[in-house]
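In this text, residue positions in the sequence shown follow the working numbering: the first is 1, and each later residue adds one.
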Amino acid sequence: MNRALEVIGRDLPHHGVDEVLDLAREQRLALLAGKVEDMINTVVRQIAFYSFERAVHTERKNGELTAERIGQLWLSVQGESLGPAIEIKPGYETFWMYMPHFIHSPFYVYAYAFGDCLVNSLYAVYEHASEGFAERYLDMLAAGGTKHYSELLRPFGLDAKDPKFWDGGLSVIAVMFDELEAMG
Numbered sequence: 001m002n003r004a005l006e007v008i009g010r011d012l013p014h015h016g017v018d019e020v021l022d023l024a025r026e027q028r029l030a031l032l033a034g035k036v037e038d039m040i041n042t043v044v045r046q047i048a049f050y051s052f053e054r055a056v057h058t059e060r061k062n063g064e065l066t067a068e069r070i071g072q073l074w075l076s077v078q079g080e081s082l083g084p085a086i087e088i089k090p091g092y093e094t095f096w097m098y099m100p101h102f103i104h105s106p107f108y109v110y111a112y113a114f115g116d117c118l119v120n121s122l123y124a125v126y127e128h129a130s131e132g133f134a135e136r137y138l139d140m141l142a143a144g145g146t147k148h149y150s151e152l153l154r155p156f157g158l159d160a161k162d163p164k165f166w167d168g169g170l171s172v173i174a175v176m177f178d179e180l181e182a183m184g
């Protein structure tokens, strides 16, 4: 949950800032495009990293892996994640080596994706909250890592095990994509 709180602190101020600042169209477009790019990096990229780690550890159960085989797994997962619109250049098969957390802190990257989705779900609650959101939010921050995430989300009526939790967060992202499309 600590990584999630880090993402909340980084991302929550983005929501609605353009309305407060009365930005020109180009500035609003740049701000929104930057936020969407951040979400893609935080969610899609981190999920791809997790998928890569899972593939490596699954294959490792059957024996040692060479750097070449790990590179093949990396390219496979990245190709799936990025899709046909992105051309993967030679040399990218070793890019996994520059990320030390694959070795030193495996499987922690899910926290970034969880945190981003949590921010969006909390923002969806905030948009519809009559009163008391700020107090509940500050209580959640004050609790830090002392409580299970389910306890921290309960005062907001959120349950990360319920698909509606994720739908709320994804709807915020969908609105941003729609805005970008309309502005484009």
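Quick reminder that beta carbons are idealized off the backbone N, C-alpha and C, glycines included. Computed from a prediction, not measured in an experiment: that's the story for all the values here.
In this structure, the alpha-carbon of Gln27 lies about 30 Å from that of Ile47. Here Gly157 is near Val125, since their CB atoms are less than 8 Å apart.
Taking all protein chains in view, the Cβ of Glu93 is crowded by 16 or more other Cβ atoms within 10 Å, so the residue is classified as buried. DSSP, reduced to helix, strand and coil, places Lys164 within a helical segment of the structure shown.
Taking the C-beta atoms as reference points, Met183 is found no nearer than 8 Å to Leu31.
With a cutoff of 8 Å on beta-carbon distance, Glu64 and Leu73 are scored as not near each other.
Cβ contact annotation for Ala113 (same chain, cutoff 7 Å, sequence separation greater than five): Thr42, Val43, Gln46 and Ile47, in chain order. In the structure shown, the three-state DSSP call for Val109 is coil. If you draw a straight line from the Cα of Thr66 to the Cα of His57, it comes to about 13 Å.
Tyr50 is positioned such that its CB atom lies closer than 8 Å to that of Val109.
Residue environment for Asp116: buried (at least 16 other C-beta atoms within 10 angstroms of its C-beta).
Under the DSSP assignment, Val56 falls in the alpha helix (DSSP H) whose first and last residues are Gln46 to Arg60. Counting only residues of its own chain and dropping the five nearest sequence neighbours on each side, Glu179 has a CB closer than 7 Å to the CB of Leu32. Under the three-state reduction of DSSP output, Ile88 falls in the coil class, being neither helix nor strand. Judged by DSSP secondary structure, His101 falls within the alpha helix (DSSP H) whose first and last residues are His101 to His104. DSSP places Asp139 within a helical segment (H, G or I) once states are collapsed to three.
DSSP places Gly132 outside both helix and strand once states are collapsed to three, so it counts as coil. Per DSSP, the unbroken alpha helix (DSSP H) holding Asp38 starts and ends at Arg25 to Met39. The shortest C-alpha to C-alpha distance from Lys89 to any of Ser105, Gly71, Met176 and Phe52 is the one to Gly71.
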